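K.L.:
Start counting the sequence shown at 1; every next residue gets the next number (the UniProt record's numbering).
Once you've had a glance at the structure underneath, I'll fire off some questions.
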Amino acid sequence: MIRILSDSVSTSVYDDLYKNNIDVVSLTVHYDGKDQLDTEMDFDYFNDTLAERGDNLPTSSQPSIASYENYFESAAKAGDSVVGVFLSSKLSSSFEGAIMAARRIKKEYCDFQCRLIDSCASCGPQMAALLAACGVRDNGGTLDEIADAAEHSVRCSRIMFTPSDLRFLVLGGRLNAVTAKIASKLKIFPIITTVDGYAVASVKVRTKSKANDKMFNIFVDDVKAHGLKYVVVHYAGKKTKELFDFKERVEEFVKHEVELVSVSPVISVHSGPAIGIAYECNDELSGKFTGGSPQILFSI
């Protein structure tokens with residue numbers, strides 16, 4: 001059997017993982033004086049109180065290597081192979097931990113095989129890659145065919161979001177404090193995306209509404225040029241009229257209902273309240289990688 005594995009950042013709708021037979025290793029969020037697994041948190045409560053946490057920022061930690069080792073060993077003992085898709089290696093050590101654990105298990109179980117993919121993003125693009133892998137698996141694909149489908153999806157996907165409160169990006173080390181102060185004073189809002197796996201401010205726009213307009217227009221241009229296979233609207237923090245207006249705008253363009261998905265608390269502790277979009281096109285998207293095509297698939 002070929003198993004498909006994800007860390008918990010791929011989605012907050014864990015039923016989507018379970019119904020597709022995707023296994024999950026959870027990251028941990030540290031807040032309110034306690035540690036909680038990402039997969040066991042009350043997302044509604046966390047989102048409703050997110051804006052109040054700007055001066056007491058929760059933190060997160062990747063899964064332990066031991067948790068990955070336990071998973072890979074159970075697969076090896078059962079004679080199963082694994083395809084895994086993980087949070088960007090530039091944003092977390094989750095992917096690195098999975099590779100280290102898989103290599104240790106490979107030394108003990110020589111016939112064990114796995115393919116591990118760096119999503120170079122989080123949330124929607126990671127989920128799109130997992131669903132691409134599931135589609136090939138369910139049609140009887142081989143280990144390498146499943147992994148190749150996930151890798152191709154990564155290269156064809158994009159995530160963007162517009163934060164409402166820059167304090168979270170500053171406290172999370174994603175934005176310089178002086179830059180954030182100037183941006184807030186001038187009402188400049190960045191559009192955050194991933195480039196080479198890093199979270200970067202790709203565009204800076206005056207006013208939040210214009211930032212949302214720009215984000216939507218980038219999405220439209222990508223879809224017109226490369227088609228569309230998958231799209232979700234993301235949010236962190238409270239559900240607002242601004243969020244539902246953006247979702248409606250996306251639905252009017254794609255002409256079908258679009259799922260509204262909270263990002264994982266592991267992501268929202270860094271982004272703060274935000275609106276975003278994640279999607280997969282049919283072809284590779286420009287601007288996601290610079291300086292060539294990096295290795296993102298590792299065979300163990």
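By construction, the Cβ of each residue, glycine as well, lies at the ideal position given by its N, Cα and C atoms.
Values in this document were obtained by computation on a predicted structure and should not be read as measured data.
Please go through the same chain and pick out, in chain order, the residues whose beta-carbon is closer than 8 angstroms to the beta-carbon of G227, but skip the five residues on each side of it.
P.N.:
Same-chain partners within the cutoff: C281, N282, D283.
K.L.:
Within a Cβ cutoff of 8 angstroms, which residues of the same chain sit near L130, ignoring the five residues on either side of it in sequence?
P.N.:
Correct list, in chain order: I4, S6, S10, L17, N20, I22, V85, A150.
K.L.:
Quick one: what's I2 bridged to in DSSP?
P.N.:
S81.
K.L.:
Near C134, which residues of its chain fall below 8 angstroms by C-beta distance, leaving aside the five closest residues on each side in sequence?
P.N.:
I4, N20, N21, I22.
K.L.:
Out of T240, K208, K255, state which residue places its alpha-carbon closest to the alpha-carbon of V231.
P.N.:
Among T240, K208, K255, the Cα nearest to that of V231 is on K255.
K.L.:
Short of 8 angstroms in beta carbon distance, which residues of its chain neighbour V258, apart from the five on each side in sequence? Order them along the chain.
P.N.:
Correct list, in chain order: V231, V232, V233, K247, V250, E251.
K.L.:
For the alpha helix (DSSP H) that F246 lies in, which residues bound it at each end?
P.N.:
It spans 241–254 - the alpha helix (DSSP H) in which F246 sits, taken as one unbroken run.
K.L.:
Please list the terminal residues of the continuous alpha helix (DSSP H) segment that includes K210.
P.N.:
Start and end: 208–226.
K.L.:
Return the chain-ordered ranges of every alpha helix (DSSP H) run that is complete within the stretch 21–98 and spans a minimum of 4 residues.
P.N.:
Here the runs fully enclosed are 43–48, 65–78.
K.L.:
So Y14 is in the alpha helix (DSSP H); what residue range does that whole segment cover?
P.N.:
Looking at the DSSP string, the run of the alpha helix (DSSP H) that includes Y14 is 14–19.
K.L.:
Buried or exposed: C110, going by 16 or more other Cβ atoms within 10 Å of its Cβ?
P.N.:
Classification of C110: exposed, given that the 10 Å Cβ count is below 16.
K.L.:
To which residues does DSSP link H270 through a beta bridge?
P.N.:
None; H270 has no bridge partner.
K.L.:
Mind checking K288: buried by the 16 CB within 10 Å criterion, or exposed?
P.N.:
K288 comes out buried.
K.L.:
Could you spell out the range, first to last residue, of the beta strand (DSSP E) harbouring E259?
P.N.:
Residues 259–262.
K.L.:
So what does S157 bridge to, in DSSP terms?
P.N.:
S157 pairs with E280.
K.L.:
Pair every Cβ in the stretch 185–199 with every Cβ in the stretch 86–97, then say whether three or more of these pairs are closer than 8 angstroms.
P.N.:
The stretch 185–199 vs the stretch 86–97: in contact.
K.L.:
Are V29 and V269 touching if we call contact CB-CB under 8 angstroms?
P.N.:
Yes, the Cβ-Cβ distance between V29 and V269 is below 8 angstroms.
K.L.:
According to DSSP, is P294 part of a helix, a strand, or is it coil?
P.N.:
In the structure shown, P294 sits in coil (DSSP, three-state: anything other than H, G, I, E or B).
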